[in-house]
Structure formats: structure tokens, C-alpha cells
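Only one structure is covered here, and it is reproduced in the block below.
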Amino acid sequence: MATEIEFSFKALSHAARRHIRVFQIHQFLDRFAMGLTVAVVALALTDRGMDLFQISLLFGVYSLTTMTMELPFGGLADAIGRKPVFLSAVVASLISLALFLSSSSFTVLALSFAFIGFGRALRSGTLDAWFVETFREAAPNVDVQPALAKAQWANAMGLATGAVFGGLLPDLFGAAGLRHGISVYDVSYAASFAVMIGVLLFTYFAISEPPRPLRPSALKQGFATVPSVIAEASALALKHATLSLLLAALALFAMATNPVEVIWPTYAKPMLDEGFANTAIGALTATYFFAIALGATLSPYVSRVFQRRHAVTLAATFACLAVLQVILAMQVGIVGFIGVFIAYSISLGVSETPASSLLHRCVENHQRSTMLSLRSLLQQLGAMIGLVMVGALAEAYSTPIAWSAAAAFLLLALMLSWILAKRLAAAPV
800 MATEIEFSFK ALSHAARRHI RVFQIHQFLD RFAMGLTVAV VALALTDRGM
850 DLFQISLLFG VYSLTTMTME LPFGGLADAI GRKPVFLSAV VASLISLALF
900 LSSSSFTVLA LSFAFIGFGR ALRSGTLDAW FVETFREAAP NVDVQPALAK
950 AQWANAMGLA TGAVFGGLLP DLFGAAGLRH GISVYDVSYA ASFAVMIGVL
1000 LFTYFAISEP PRPLRPSALK QGFATVPSVI AEASALALKH ATLSLLLAAL
1050 ALFAMATNPV EVIWPTYAKP MLDEGFANTA IGALTATYFF AIALGATLSP
1100 YVSRVFQRRH AVTLAATFAC LAVLQVILAM QVGIVGFIGV FIAYSISLGV
1150 SETPASSLLH RCVENHQRST MLSLRSLLQQ LGAMIGLVMV GALAEAYSTP
1200 IAWSAAAAFL LLALMLSWIL AKRLAAAPV
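Last residue of the sequence shown: 1228 (this note's numbering), numbering continuous.
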């Protein structure tokens, strides 16, 4: 493998710099639309009469749909093109939002969450792979991690900005919504629908990809090749020790951290004044994403501390997350909770690009989307298992006990990352 050149944005060609900027704008808009609902989804479901068990079931529908569709659509993106598959994902998101706004029925909401999972599966392994491959064409042998970090920063900033507005809109316009017979949180969902239409248009006009045949016969052929692509990618993951260890560590990481990411608003809201709780939760959600963005920005510098040994960086990050998760579970006041939560979120941001860099280093272009989908599938599986286990513990005992127990999964991920680091030191990829 050729030695990678250290990343320098100013030294990149105009095409490479433009490529990064276009993807940053795209990621910001897409995540801004999502952030508008992320801040209030648990509260919106509660407002629609859902209890905690029903909320868990709805998130289970989302995870199950994502896992079912993840690998086939990753393979489809490799076969027929990343852009058309991503456009289909945006359409699925629009359908999900429309269903959510139309009803308070558990059945309809479950269908809405299924479309969220469908859209997530379509998104996974599409434009991320397009970004990496086009960047490598425009900047051969340049270290891709800092470019990924810039995209991750825009991703988190979009979520953060969306979360601010998602929490603020119900407090500003919720009363007007009630007068028209809708939930106070429907304002945020309607705004998300409008922004998602903008994402659809931006993707269509700004994302450039060499066209691939989209005739019905070509589409059928694309689906027909999915089983072989999946089998080949799965075999690669099983036979490639680096990929096996990395994917297992990431699944354990999701088992530990996803329950914190889902449950924290219900844990923090009782600490807040009821009069501005929605805005405060939105602001804290934004702070969470801003902190992830900061972590993504810091990740190349953290990687340099560990001499760009990405597996060692991952191991150190998992250790920090395990300690911080236990400390977070011990907080009983909002000030202490916010401080630890910010540190926790920064660590989450640091963890993303070392893992992505390792994965991209191990696969070829024709398998990249499928392998990204395999990663997402395993993380979704870990997240679902973790949420069910931690949710049961939280119901039986308490949220702090459940979060502390889940930190054990991070310690297991730490052990696998350290083994991976030792293997890479002995035989680099």
C-alpha cells in the first residue's frame, strides 16, 4: 500500500477542496432536517400518549427495519449508483415525517418509524462511499481521515443547529399549533419536512456522479447481484482479522452508548424547570452535537498524539467513554450532568474517524458501500440489544444503574481495540 501524504487543505487541488465543501453543505442540510426532530422525538411520542414501553417498541421497529434492509441496499448502491439510492432515502424520510404528522395511532407511528429505518438503510454506505472515492481521485494518496473529520464536523453541526430550532419551535409556536388542533411538537416535524425537500433538491443538482443504467432491467440486475456482493463482503469481514475485530468493537461500542443517547432526555428533563424544558432539552441536544463536532475536529490531533495509530486512538477513546459513562450516571444535578455530558459527547466525536479510517483502509471500492452497510448493521444490532437490556434494567432498578452496567460493553470494546492495535503493529494493513 502506498504511503499516505499528510493532509493539507490549502495544498489540495481546487476540485478536491470543492468536493469537500459540497459534501459538508450536503451533510449539514441533511442532518439539520434530522436534528429538528431528534431533539423532541421522545417528548413528541409521550405527548401522543405513548408510554416508555411503546417508545422502546417504536425504536425497535426502526432498528429492525434498518437491520433488515441495511446490507441489500448497501450492495444496491455499489451496483446502480450512490446518488439514486440516496435520493430514495430522502423520499422515505419525507413519507416517515408525513405519517408521523398524520396520526397518534401506535400502528401508524410504527409505520413511520419503519420508514425512518428504511431511509437509514438506504442512506448507509451511499454518499459516504462516494465522498471517499471521489476524494481519492482528486487527491491521490492523501490521508483521508482529516477530510472525513471535516465532513463529520458538518454532520454534527447540522444536527446541533437543527436541535436548537427543534427545541425552540415548540415553545415559540406550540400554542398556535394547539389552537389548530395539533401537537406542540408538530411544528418541528413540519419544519423538518420542509428542509428535507431542500435536501432532495440539493442532492439532485449538486451531487455529481457518473450515471449508471437505471432502466428496469438494470435495476433488476442490481438486486440480482446483491447476494453475491453481500456474501463476498461478509466473507471478507470474517476472514480479515482487522475487520472482524473492528466491527465487533464497534457493535459493543453501540451497545453501551446508544442507550445513553436515546434515554438521556427523559433522565435530564426532571432536573429542569418545566416552563422552558423543551427549549433547554433542544439546547442541550445541540450542545451534544456541537461537542461531537468538536470531537470530530480534534480527532486528527488526538490521532497524532498516538502517532496516527488509529486502533490505539480507538482504545484510548473507549476507555475515556467507559469512565465518563459511569460518572454521568452518578449525576443528580443539571450542572454536573451537562459538564460530564459534554465531555462524553466530545469523546463520541473523537471515536468516529479513527474507526472509519481503519475500515476504508481495509476494503476496495467495489465493496466499500456494502462494508459500510455491514458496519451500520452490526452497530444497529448492538444498539438494539443494548437499548432492550438497558431499558429493562432501568425499569427494574434505575437509569444510573443501567448506564453503569452498559459501560462494561465499552471495556470489552477497549480490549478488542487493543488486540487490533497489537495486530496492526505486527502486520500493518
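Virtual Cβ for every residue (Gly too), placed ideally from N, Cα, C.
Enclosing alpha helix (DSSP H) for residue i [first to last residue]
{"i": "residue 825", "result": "813-837"}
{"i": "residue 995", "result": "985-1005"}
{"i": "residue 1151", "result": "1133-1161"}
{"i": "residue 1221", "result": "1198-1225"}
{"i": "residue 846", "result": "840-846"}
{"i": "residue 914", "result": "905-922"}
{"i": "residue 897", "result": "881-901"}
{"i": "residue 1094", "result": "1076-1104"}
{"i": "residue 925", "result": "Segment: none, residue 925 is in no alpha helix (DSSP H) and carries neither H nor E."}
{"i": "residue 1051", "result": "1040-1067"}
{"i": "residue 1123", "result": "1109-1128"}
Pairwise C-alpha distance: residue j and residue i
{"i": "residue 830", "j": "residue 1081", "result": "15 Å"}
{"i": "residue 802", "j": "residue 951", "result": "Caution applies to residue 802, whose pLDDT of 49 falls short of 50 and renders its modelled position unreliable; the value that the coordinates give is listed next. Residue 802 and residue 951: Cα-Cα distance of roughly 24 Å."}
{"i": "residue 977", "j": "residue 1077", "result": "16 Å"}
{"i": "residue 1043", "j": "residue 1218", "result": "11 Å"}
{"i": "residue 912", "j": "residue 1224", "result": "43 Å"}
{"i": "residue 1230", "j": "residue 960", "result": "With the chain covering only 800 through 1228, there is no way to say anything about residue 1230."}
{"i": "residue 1157", "j": "residue 1039", "result": "12 Å"}
{"i": "residue 938", "j": "residue 864", "result": "37 Å"}
{"i": "residue 800", "j": "residue 1184", "result": "Residue placement at residue 800 cannot be trusted, given a pLDDT of 42 that sits under 50; what the coordinates show is reported in the next sentence. Looking at the two C-alpha atoms, the distance is approximately 37 Å."}
{"i": "residue 984", "j": "residue 1205", "result": "31 Å"}
{"i": "residue 900", "j": "residue 909", "result": "13 Å"}
{"i": "residue 1055", "j": "residue 868", "result": "23 Å"}
{"i": "residue 979", "j": "residue 842", "result": "20 Å"}
{"i": "residue 1060", "j": "residue 815", "result": "34 Å"}
{"i": "residue 1086", "j": "residue 957", "result": "12 Å"}
{"i": "residue 845", "j": "residue 859", "result": "16 Å"}
{"i": "residue 1126", "j": "residue 1144", "result": "13 Å"}
{"i": "residue 1150", "j": "residue 1189", "result": "22 Å"}
{"i": "residue 1186", "j": "residue 1063", "result": "12 Å"}
{"i": "residue 748", "j": "residue 876", "result": "With the chain covering 800 to 1228 only, the question about residue 748 has no answer from this structure."}
{"i": "residue 942", "j": "residue 991", "result": "35 Å"}
{"i": "residue 1119", "j": "residue 1112", "result": "11 Å"}
{"i": "residue 1114", "j": "residue 861", "result": "29 Å"}
Rounded Cβ spacing between residue i and residue j (contact assumed at less than 8 Å)
{"i": "residue 1208", "j": "residue 1051", "result": "5 Å"}
{"i": "residue 1065", "j": "residue 885", "result": "Actually they are not in contact, since the Cβ atoms of residue 1065 and residue 885 sit about 32 Å apart, beyond 8 Å."}
{"i": "residue 1008", "j": "residue 881", "result": "6 Å"}
{"i": "residue 1123", "j": "residue 1139", "result": "6 Å"}
{"i": "residue 1182", "j": "residue 1057", "result": "4 Å"}
{"i": "residue 1141", "j": "residue 1079", "result": "About 15 Å; that fails the 8 Å criterion."}
{"i": "residue 1129", "j": "residue 1199", "result": "6 Å"}
{"i": "residue 971", "j": "residue 987", "result": "Actually they do not touch by this definition, with Cβ atoms about 10 Å apart."}
{"i": "residue 837", "j": "residue 962", "result": "6 Å"}
Check your understanding: Counting Cβ pairs, one atom from each stretch, are 3 or more of them under 8 Å apart for the stretch 942-950 and the stretch 916-925?
Key -> no
Review point. Just checking, does the stretch 1201-1217 make contact with the stretch 1093-1102 on the three C-beta pairs under 8 Å criterion?
Key: no
Review point. Counting Cβ pairs, one atom from each stretch, are 3 or more of them under 8 Å apart for the stretch 848-856 and the stretch 963-977?
Key: no
Check your understanding: Taking three-plus beta-carbon pairs below 8 Å as touching, is the stretch 809-828 in contact with the stretch 928-936?
Key -> yes
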